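Q: I am attaching a structure below and will ask some questions about it afterwards.
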Amino acid sequence: MKKNLLILLTVVMVISLFTGVVGAQENLTIQGSSTVLPIAQKAAEVYMENNDVSISVRGGGSGNGIAALIDGTTDIADASRFIKQEEVDNAVANGHFPVPHRVAMDGIAVVVHPDNPIDKLTLMEIKQIYTGQIENWSELGGTNQEVVVISRDSSSGTFEVFNEIAVEGERVTPGALLQASNGAVKDTVANTEGAIGYVGLGYLDESIKATKVNGVYPTNSTVASGKFPIARPLFMFTDGWPEGLVADYINFVLSAEGQKIVEEQGYVPLH
Amino acid sequence: MDWKTKEKIIKYILLIFAMSSIMFLIGIVIVLFREGLPIFYKIGIIDFLFGQEWYPTYDPASFGILPLISASVLVTLGAMIFAVPIGLSTSVFISYIMPKSIKNFIKPIIELLAGIPSVIYGLFGMKILGPFLKDIFGLPTGLTALTASIMLGIMALPTIISLSEDAITSVPKKFRDASLALGGTRWETISKVILPTASSGIVTSIMLGMGRAIGETMTVLMVAGGASAMPEGILKPVRTMTATIAAEMGETPVGSNHYQALFGIAIVLFIITLSFNIIADLTRKRFYKKVSGK
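Just so you know, the sequences run in chain order A and B.
The first sequence lines up with residues 1 to 271 when you count with the working numbering.
The second sequence lines up with residues 272 to 565 when you count with the working numbering.
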C-alpha cells in the first residue's frame, strides 16, 4: 500500500514537472538599481496576477543591471542614473541598443524635528551642516542647540542622491549618525529635537517637518516638475524599442495603475 | 539487510552529521578569508586597521576601521563594567545566600533573559533607555555608546551569572568548611577562599560574555547611534564593526573594494571572538584542574 502511494506520488511529480516545461510561460527578467527594485517588484507582482507570465526581478545596483543588458542577460535594466557613454558604446559593440524609459521621480526631503523653528534651508546650508561646518542651529538663526546630523548608510541609493546633489560629493561629517532605513531616519528625527535628516517623499508625515530647500517645498508636483532640487529621475532601460511582453510591462508601469504603485512605494509618479 | 550492515550505515550517517558543524565552520572561514583578504593587500594591514577614516563609497575611498574597532572595544568594555559587578554579586547571592528552593526558581528566569531576541533589546534601548539617558545628561541624542553598553551588559548578564554561578557552586564544599572552621566569617570565606578558587571559571564566564557583547549586531545597530568618527567619549554616538557590516552589506556591489573591506572587518571580528573563546576555554581547563586538586 505504501509502495503504491510512493509510485503514485512520483508519477504525479513527474507529470507536473513535464507540464511545467511544456506549458512554459513567457519569461521576463528585470535587473538593476535597488532604488527602482520596489517599483519593479510590486509592478511585476500585480502584472503577474492578471497575466500568465513569469517575471523575475533582481536588485544588484544600476551598474550591474546595465551590465546585464549589455551582455543580453536581462530584458530590462533598472537604473537610478542615466546610462554612461562608455556603457552605450559597449552595448552597441555587443549588438544591443539601450532605450531609456523614465518611470518615476525620486525626491528626497530634508527633515527636522517639528519643534525646530527652522523651516527653510538652502542647498549651501545643508551642505555646510552635512560636512560639519555648521554645528549649532543658532548659526542659522535657530535656537541654541547642537545639530544632530543623521545620514543613511553610505551604500544606500538615498544616500547616493543626497550626497551627490546636496553635499556635492564631499565627505559627510564622521559625527553623523547612521540609520539603515528611511523609517529609522524618520523615527530618530521625530525623537531628537536637534536632528536633521533626509527621507524619501513617501515617508513624510506629521511626526517630522520637511523644510523648504532653496525656497521650494517638497511635494509630488514640485519634484515631478524638477523645481525641488534634491530629486532625480528613475529609469528602466530596454534593449531596442520594446516589443511584446517587455512593451506591455513598461506600459503597465507607466499606466495610471502602475504610477499608483510608484506612489505607494514612496516615489513620485510622473503624472 | 542484516543488523550488522544496518549498524554500519547508521554509524556513518551519524558520523556525517557529527562532522557537519565542523564543515560549516571550515566553509565559513574559507569564504571569510577568500572574500576579505584581498583588501589587506590593497589597502595595507596597517592602513586598514589603524586608518581613522571610514568612507567606503567615496572616490577616493578611505577604508580605515580604527574608529569601528575602538567603538566595539569601548562598547564591550562598558558592557562589562556594567555587567561584571552585577553578574558576580548575583551569582554569589544565588549560590551562597539564597535558599535552594528559590534558587531553582530564579536561575531559569535569569537564563530566560538570554532567550529574548536582540531586536527587542534594541527597541527597549531606543525607546526607553535612550530618551531617559538623553534627559538625564542633557544630550543632543540618546543613541550613544553608553546606551549600547548598558543594553549589551544586560544581554551578557545571563551568560556571566549562569557560568560563574556554576563555577562558584563547583568549588568543593570542604574548602568552605575548612575556612569557616578556621574562624573565617562568611564574607571572608566568599572573598578570600571561594572567589579566588572559582576565579578562572569566573574569567571564563566574563570572556564568553564579552564574546557575546562584541559580536552583538542588531542591538548596537539600533541604539549606538552609528557615527563613524573616532569615539570621543561614552556619551557620543559610535559605530561598531558589526553594525557597519549589517548596515552596509546589503547594497554593496559583490567583489568591490567596499565589499572586501566589509569581509575584512568580519575577519578582524572573527579573530577577536575566536581569541575570546580560546582564552575562555584555557581558563576553564585550568579551573577544573584546580578544583579537582590535581
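We put the beta carbon where it would ideally sit given N, CA and C, even for glycine.
These numbers come from a predicted model, not from an experiment.
1) Shortest alpha-carbon distance to B/Ala500 belongs to which of B/Asp448, B/Ile297, B/Gly335 and B/Val302?
2) Under 9 Å between C-beta atoms, does A/Ser225 make it to chain B?
3) May I ask which residues mark the beginning and end of the alpha helix (DSSP H) holding B/Tyr559?
4) Can you grab the Cα-Cα spacing for the pair A/Val268 / A/Thr131, in whole Å?
5) Between the C-alpha atoms of A/Ala77 and A/Val57, what's the straight-line distance to the nearest angstrom?
6) Starting from B/Tyr367, trace the alpha helix (DSSP H) both ways and give me its first and last residue.
7) At least one CB of chain A closer than 9 Å to the CB of B/Tyr367: is that the case?
8) My parser needs the alpha helix (DSSP H) runs of 4 or more residues fully inside the region 220-268 of chain A; what are they?
9) Quick one: give me the first and last residue of the alpha helix (DSSP H) that B/Val300 is part of.
10) Who are the Cβ neighbours of B/Phe288 in its own chain at under 6 Å, not counting the five residues just before and after it?
11) CA-CA distance, B/Ser341 and A/Ile150?
12) For A/Asn182, which residues in chain B fall below 9 Å Cβ to Cβ?
13) Taking the beta strand (DSSP E) that A/Gly63 belongs to, which residues open and close that run?
14) Which residues in the same chain have their Cβ closer than 7 Å to the Cβ of B/Gly496, if we skip the five residues on either side of it in sequence?
15) Is the beta carbon of B/Thr490 closer than 9 Å to that of B/Ser343?
16) Quick one: give me the first and last residue of the beta strand (DSSP E) that A/Ser151 is part of.
17) Taking a cut of 9 Å between CB atoms, which residues from the region 507-529 of chain B lie near chain A?
18) Ignore the nearest five residues each way along the sequence and tell me which others in A/Gly59's own chain have a CB closer than 6 Å to its CB.
19) Just verifying my parser: in three-state terms, what is the DSSP assignment at A/Thr29?
20) Under 9 Å between the Cβ atoms of A/Glu264 and A/Lys120?
21) Assign A/Gln25 to buried or exposed, taking buried as 16 or more other Cβ atoms, counted over all protein chains shown, within 10 Å of its Cβ.
22) What residues in the region 184-210 of chain A bring their beta carbon closer than 9 Å to a beta carbon of chain B?
23) What is the rounded straight-line gap between the Cα of A/Val22 and the Cα of A/Glu49?
24) Give the DSSP bridge partners of A/Leu121, in chain order.
25) Take A/Thr173 and list the residues in its own chain whose beta-carbon comes closer than 7 Å to its own, dropping the five residues that flank it on each side.
26) Which value, in whole angstroms, describes the spacing of the CA atoms of A/Glu125 and A/Ser54?
27) Which partner residues does A/Gln179 have in the DSSP bridge list?
28) Of all the CB atoms in chain A, is at least one closer than 9 Å to the CB of B/Ser499?
29) Taking A/Ala104 and A/Ile39 to be in contact with their CB atoms under 8 Å, please state how far apart those CB atoms are, rounded to whole angstroms.
30) What do you get for B/Ile425, buried or exposed, if any count of 16 or more other CB atoms within 10 angstroms of its CB means buried?
31) Alpha carbon to alpha carbon, how far is A/Leu28 from B/Leu345?
A: Taking the geometry as given:
1) Translated into the one-based positions of the second sequence, residue 500 of chain B becomes position 229. Measuring from the Cα of B/Ala500, the nearest candidate turns out to be B/Gly335.
2) Here residue 225 of chain A is taken as the residue at index 225 of the first sequence, counted from 1. By this cut-off, A/Ser225 is not an interface position.
3) Within the second sequence, the letter at position 288 stands for residue 559 of chain B. Element bounds for B/Tyr559: Asn528 to Val562.
4) Translated into the one-based positions of the first sequence, residue 268 of chain A becomes position 268. Translated into the one-based positions of the first sequence, residue 131 of chain A becomes position 131. Distance between the alpha carbons of A/Val268 and A/Thr131: 28 Å.
5) In the first sequence, counting from the first residue as 1, residue 77 of chain A sits at position 77. In the first sequence, counting from the first residue as 1, residue 57 of chain A sits at position 57. Taking the straight line from one Cα to the other gives about 10 Å.
6) Here residue 367 of chain B refers to the residue found at position 96 when the second sequence is read from its first residue. Where B/Tyr367 is concerned, there is no enclosing alpha helix (DSSP H), given that its DSSP letter is neither H nor E.
7) Your numbering for residue 367 of chain B matches position 96 in the second sequence. Answer no: the Cβ-Cβ gap between B/Tyr367 and chain A never drops below 9 Å.
8) 220-225, 244-254 and 256-264
9) Here residue 300 of chain B refers to the residue found at position 29 of the second sequence. Where B/Val300 is concerned, the enclosing alpha helix (DSSP H) stretches over Trp274 to Ile314.
10) For this step, residue 288 of chain B is matched to residue 17 along the second sequence. Closer than 6 Å at the Cβ level, and outside the excluded window around B/Phe288, lies no residue.
11) By 1-based counting over the second sequence, the position of residue 341 of chain B is 70. By 1-based counting over the first sequence, the position of residue 150 of chain A is 150. If I take the Cα positions, the gap works out to 21 Å.
12) Position 182 of the first sequence, counted from the first residue, corresponds to residue 182 of chain A. Here the premise fails: no neighbours, minimum Cβ distance about 13 Å.
13) What you label residue 63 of chain A is simply residue 63 of the first sequence in a count that begins at 1. Note, A/Gly63: premise wrong, no beta strand (DSSP E); alpha helix (DSSP H) at Ser62 to Asp71.
14) Translated into the one-based positions of the second sequence, residue 496 of chain B becomes position 225. The residues are Thr412, Leu414, Thr415, Pro508 and Val509.
15) Along the second sequence, one-based indexing puts residue 343 of chain B at 72. Along the second sequence, one-based indexing puts residue 490 of chain B at 219. Not a contact, by the Cβ cut-off of 9 Å.
16) Counting from one through the first sequence, the residue named residue 151 of chain A turns up at place 151. Note, A/Ser151: beta strand (DSSP E), Val148 to Arg152.
17) Lys507, Pro508, Arg510, Ala514, Thr515, Ala517, Ala518, Glu519, Met520, Gly521, Glu522, Thr523, Pro524, Val525 and His529
18) As a first step, residue 59 of chain A is located in the first sequence; it is residue number 59 there, counting from the start. Result list for A/Gly59: Ser34 and Leu37, in chain order.
19) Your numbering for residue 29 of chain A matches position 29 in the first sequence. Residue state, collapsed to three classes: strand.
20) Numbered from its first residue, the first sequence carries residue 264 of chain A at position 264. Numbered from its first residue, the first sequence carries residue 120 of chain A at position 120. No.
21) For this step, residue 25 of chain A is matched to residue 25 along the first sequence. A/Gln25 is exposed by the Cβ-count criterion.
22) Ala184, Asp187, Thr188, Asn191, Thr192, Glu193, Gly194 and Ala195
23) Here residue 22 of chain A is taken as the residue at index 22 of the first sequence, counted from 1. Here residue 49 of chain A is taken as the residue at index 49 of the first sequence, counted from 1. In this prediction, A/Val22 has a pLDDT of 44, which is less than 50 and means its spatial position is unreliable; what the coordinates show is noted afterwards. The alpha-carbon atoms of A/Val22 and A/Glu49 are separated by roughly 21 Å.
24) As a position in the first sequence, residue 121 of chain A is number 121, starting the count at 1. A/Val213, per the DSSP bridge assignment.
25) Translated into positions along the first sequence, residue 173 of chain A becomes position 173. Same-chain partners within the cutoff: Tyr130, Thr131, Gly132 and Val149.
26) Residue 125 of chain A sits at position 125 when you count from the first residue of the first sequence. Residue 54 of chain A sits at position 54 when you count from the first residue of the first sequence. Using only the alpha carbons, I get a separation of about 48 Å.
27) Within the first sequence, numbered from 1, the residue matching residue 179 of chain A stands at position 179. Looking at the DSSP assignment, A/Gln179 forms a beta bridge with A/Arg152.
28) To locate residue 499 of chain B, count along the second sequence from 1; it is residue 228. Closer than 9 Å: yes.
29) The residue you call residue 104 of chain A lines up with position 104 of the first sequence. The residue you call residue 39 of chain A lines up with position 39 of the first sequence. Their Cβ separation, rounded to whole angstroms, is 6 Å, which keeps A/Ala104 and A/Ile39 in contact under 8 Å.
30) Working through the second sequence from its first residue, we reach residue 425 of chain B at position 154. It counts as buried.
31) If you number the first sequence from 1, residue 28 of chain A lands on position 28. If you number the second sequence from 1, residue 345 of chain B lands on position 74. Each residue's Cα considered, the two are about 50 Å apart.
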